[in-house]
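In my numbering, the protein residues as written are 1 to 448.
The beta-carbon is built from N, C-alpha and C at its ideal position, and this holds for glycine as well.
Note that the structure is predicted; figures quoted are calculated from it, not measured.
In structure tokens form, the structure reads like this:
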């Protein structure tokens, strides 16, 4: 089965969304005594919003108005175990660190309507800038009178009876894994059930050691001359203001089988789908750049690793903060161009294996001393197997779940396919000439 490169269809520019009502939602009963919640060094550098949209088909037993009432009720309930979501970020005057003031100031809830149908929006796989109208961003919201809201949910009904649930949360509150658990809990409460998973809110579990001990070099991190207590909203990478094309490349189950066979070093070797996809994308992205003419130039790819099971003792799976660190792999352009895919897959796998308990603790301690961000040529951000679209609400699972994305040439995104769970969509945004080169290499290396 061959690679499918999907041309960008003309997106629907205006979803004709009207905000009908917006309000603050508070915990439905008294939470624990007001407190400040510690944020780990991983949480500290993720002080920006993450916006996701979850699309649902119409359901005769759950019209959008009923769904909105149930989600609002569930939000009131969930703000008790997740009391920090009703709080506000603040800087600790003594330590200079960001923390959450669990003051019960409330989360946001918005009801909206669109004059479009879901079918008129088109293929939901294609990230559409108009999807931003389905999410209220806390940075420009009228409800924000006493600080930045950490969670806002918007329910938007479509003419067909379908609807979208748009959620904006501060990345300081969740990573992808803990956000899925939050969604599972929201779905359970919306159905009148108890929590699916009791969240672990103890961020001290990822506190730096005292004194901090940096026991490994960390070339994947770069120092910043910025104090953690300040607004660290700078991007991980330089964001050049230039015109970018974007395309989605669909890798099928057949592609995976072929790629894994090529990457095996022995007939019995096991190759992970993520590692082989990452190696393939790395090679195409690095060699599409003009700098690739230098065979000795070193390319660095970054990708996230869940450290919950890698720590000693392991973090609870229910840990409700950020428990991912950035792994990296290095190779010269000559190695990327001429080397077998098996070697690149090994480099990617080594990056993950490097993330032991001591390495993770060292990286956290590095952040305590230096403050900084991940650093590399580009980041591969995988939404592939987070499973947001597997969450079962009373009205069923989402037709599709996706982030509201903006196109950047230094971030490549992996999305699940809307029809085939064994396929993956690769979203690439590049200047025109680089895109042509990337596409050519994508085909070339797949068929080699």
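Linking residue 101 to residue 332 through their CA atoms gives a straight-line distance of about 47 Å. Straight-line spacing of the CA atoms in residue 362 and residue 292 works out to 32 Å. Closest option to residue 330, judged by alpha-carbon separation, among 301, 105, 70 and 401: 301. Nearest to residue 412 by C-alpha distance, out of 280, 448 and 389, is 280. Within the same chain, 200 come within 6 Å of residue 316 by CB-CB distance, once the 5 residues on both sides are set aside. The continuous stretches of beta strand (DSSP E) do not include residue 375, and DSSP gives it neither H nor E. Exposed is the label assigned to residue 29, since fewer than 16 other Cβ atoms lie within 10 Å of its Cβ.
Linking residue 119 to residue 364 through their CA atoms gives a straight-line distance of about 46 Å.
Shortest Cα-Cα distance from residue 444 to any of 194, 389, 134 and 255 involves 255. Judged by DSSP secondary structure, residue 193 falls outside any alpha helix (DSSP H); it is assigned neither H nor E. Pairwise C-beta distances place the segment 241-249 in contact with the segment 420-439, as three or more of them are shorter than 8 Å. If you keep only unbroken alpha helix (DSSP H) runs of at least 4 residues inside the segment 153-210, you get 176-190. Shortest Cα-Cα distance from residue 34 to any of 88, 377, 349 and 404 involves 88.
The count of Cβ pairs closer than 8 Å, one atom from the segment 76-94 and one from the segment 104-115, reaches three, so the stretches are in contact. Beta bridge pairing from DSSP links residue 393 with 396. Between the alpha carbons of residue 56 and residue 400 lies a gap of roughly 7 Å.
Partner residues in the beta bridge of residue 428, as assigned by DSSP, are 247. Taken in chain order, the complete alpha helix (DSSP H) segments of 4 residues or longer contained in the segment 242-289 are 253-263 and 273-287. Approximately 5 Å separates the beta-carbon atoms of residue 167 and residue 52; this is inside 8 Å, confirming the contact. Under the DSSP assignment, residue 66 falls in the alpha helix (DSSP H) whose first and last residues are 64-78. In the DSSP assignment, the residues bridged to residue 108 are 24 and 152.
For residue 343, there is no enclosing beta strand (DSSP E); the enclosing alpha helix (DSSP H) has its first and last residue at 341-353. The continuous stretches of beta strand (DSSP E) do not include residue 334, which lies in the alpha helix (DSSP H) extending over residues 333-338.
Here DSSP, grouped into helix, strand and coil, assigns residue 309 to helix.
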